[in-house]
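Participant: Here's a structure for you.
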Amino acid sequence: PPKPLCTIPDEVFDEMVSRTTPSCHMQWLERHFGREYAEFIRENYYVSSTADGRTIFWQIDAERRIRTGKVMAFDIATGRRKHTPGAVDWVHSILKREGTLPEDWELTQCLYGEHLLAWQPTAVVALVESCKTAHVGYALFPRMLWLATGSLQGLTTERLRPLKGRRVVLFPDQGKGYEVWSSRIEAIAREVGFVYTVSDFAERHGIANLAAEDNAAALDIDGIVVTLVAAGDALSVSADIGEPPSEGRSE
887 PPKPLCTIPD EVFDEMVSRT TPSCHMQWLE RHFGREYAEF IRENYYVSST
937 ADGRTIFWQI DAERRIRTGK VMAFDIATGR RKHTPGAVDW VHSILKREGT
987 LPEDWELTQC LYGEHLLAWQ PTAVVALVES CKTAHVGYAL FPRMLWLATG
1037 SLQGLTTERL RPLKGRRVVL FPDQGKGYEV WSSRIEAIAR EVGFVYTVSD
1087 FAERHGIANL AAEDNAAALD IDGIVVTLVA AGDALSVSAD IGEPPSEGRS
1137 E
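In our numbering, the protein residues as written are 887 to 1137.
Pasting the structure below:
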């Protein structure tokens, strides 16, 4: 018989989500998009934090089972992920080290934001690589439901099975992300059963930003979008993605 799915205990999740320590990512999000929007993201994606201010991005599946949480440290000024030792961790790894989870506990990941599919059953799904990018995308284009694979290699048949019957727009990061996702998605969509479009938004706008002081920011969508919005170019971004400028949230 198949091995039962390993999940994070609800009581552990509830305790960690109830923590009030502000995370650097959420403070950055509030600075760019306002307190009301940051609170909307926190409540709907269950974004929480560790005691030292690292952000926890919870993976909750369509049946609302807690798969794990990705723990990441961000620079509060730039909003970018830190690359120092210990800047990235996982809730299940932390719990294993503490003895809360057994050593034979096995991780099975799901899409970030997957639990929101039932909330918007007919919405077009916008699929990106990073959780942070999903938050930025939702701020500008709330008519789409923003989910994340969590990594470049997270675009897999098993992880995308909950998208069956949906319309999906993929927003890969510039360069390798665009190449890898464009080559993989046709076979995945055929097996799972959804229609898709691959956006070249990052390819077009990222190349134009390569002269920026922080070249890395030109490679992923959230850096590009924030740069354009700061320059007053939200209309251009909206036209590219096919959505009108944001006037609020989907209810």
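The beta-carbon is built from N, C-alpha and C at its ideal position, and this holds for glycine as well.
What do you get for Thr954, buried or exposed, if any count of 16 or more other CB atoms within 10 angstroms of its CB means buried?
Facilitator: Stepping through the sequence shown from its first residue, residue 954 is reached at position 68. So Thr954 ends up on the buried side.
Participant: Mind checking whether Phe1080 and Arg1045 have CB atoms under 8 Å apart?
Facilitator: Sequence index remark: in the sequence shown, residue 1080 carries index 194 (1-based). Sequence index remark: in the sequence shown, residue 1045 carries index 159 (1-based). Not in contact: Phe1080 and Arg1045 (Cβ atoms no closer than 8 Å).
Participant: Between the beta-carbon of Ala959 and the beta-carbon of Ala973, is there less than 8 Å?
Facilitator: Looking up residue 959 in the sequence shown gives position 73. Looking up residue 973 in the sequence shown gives position 87. Yes, the Cβ-Cβ distance between Ala959 and Ala973 is below 8 Å.
Participant: Which one of Arg928, Arg905, Glu901 has the shortest CA to CA distance from Trp914?
Facilitator: Numbered from its first residue, the sequence shown carries residue 914 at position 28. Checked all of Arg928, Arg905, Glu901; the closest Cα to Trp914 is Arg928.
Participant: For Tyr1082, report the span of its alpha helix (DSSP H) as first-last.
Facilitator: Looking up residue 1082 in the sequence shown gives position 196. Taken as a continuous stretch (DSSP letters only), Tyr1082 belongs to no alpha helix (DSSP H), being part of the beta strand (DSSP E) at 1081 to 1084.
Participant: By Cβ distance below 7 Å, which residues in the same chain neighbour Lys982 in space, the five residues on each side in sequence not counted?
Facilitator: If you number the sequence shown from 1, residue 982 lands on position 96. Glu989, Trp991, listed in sequence order.
Participant: If you follow the alpha helix (DSSP H) that Arg1019 is part of, which residue opens it and which one closes it?
Facilitator: The residue you call residue 1019 lines up with position 133 of the sequence shown. The sequence as given places Thr at residue 1019; Arg does not occur at that position. Following the DSSP letters along the chain, one finds Thr1019 inside the alpha helix (DSSP H) bounded by residues 1017 to 1026.
Participant: Going along the chain, which residues of its own chain have a beta-carbon closer than 8 Å to the beta-carbon of Asp1086, five neighbours each way excluded?
Facilitator: Locating residue 1086 in the sequence shown gives position 200, counting from the first residue. Taken in chain order, the residues that qualify are Tyr1064.
Participant: Are the CB atoms of Asp947 and Cys1017 within a distance shorter than 8 Å?
Facilitator: As a working mapping, residue 1017 is identified with position 131 in the sequence shown. As a working mapping, residue 947 is identified with position 61 in the sequence shown. For Cys1017 and Asp947, no; Cβs fall outside 8 Å.
Participant: Just verifying my parser: in three-state terms, what is the DSSP assignment at Met1030?
Facilitator: Start at 1 with the first residue of the sequence shown, and residue 1030 comes out as number 144. It is coil, neither helix nor strand.
Participant: Have a look at Ser1037 and Phe943 and give me their C-alpha separation to the nearest angstrom.
Facilitator: Here the question's residue 1037 lines up with position 151 in the sequence shown. Here the question's residue 943 lines up with position 57 in the sequence shown. Roughly 13 Å between the two C-alpha positions.
Participant: Can you tell which of Leu1041, Pro1007, Pro1028 has the C-alpha that lies nearest to the C-alpha of Tyr998?
Facilitator: Position 112 of the sequence shown, counting from 1, holds the residue named residue 998. If we check each option's Cα against that of Tyr998, Leu1041 comes out closest.
Participant: Given this structure, state the Cα-to-Cα distance separating Ser935 from Ala1025, to the nearest angstrom.
Facilitator: Reading the sequence shown from its first residue, position 49 is the one you call residue 935. Reading the sequence shown from its first residue, position 139 is the one you call residue 1025. Annotation: Ser935 to Ala1025 spans about 21 Å, alpha carbon to alpha carbon.
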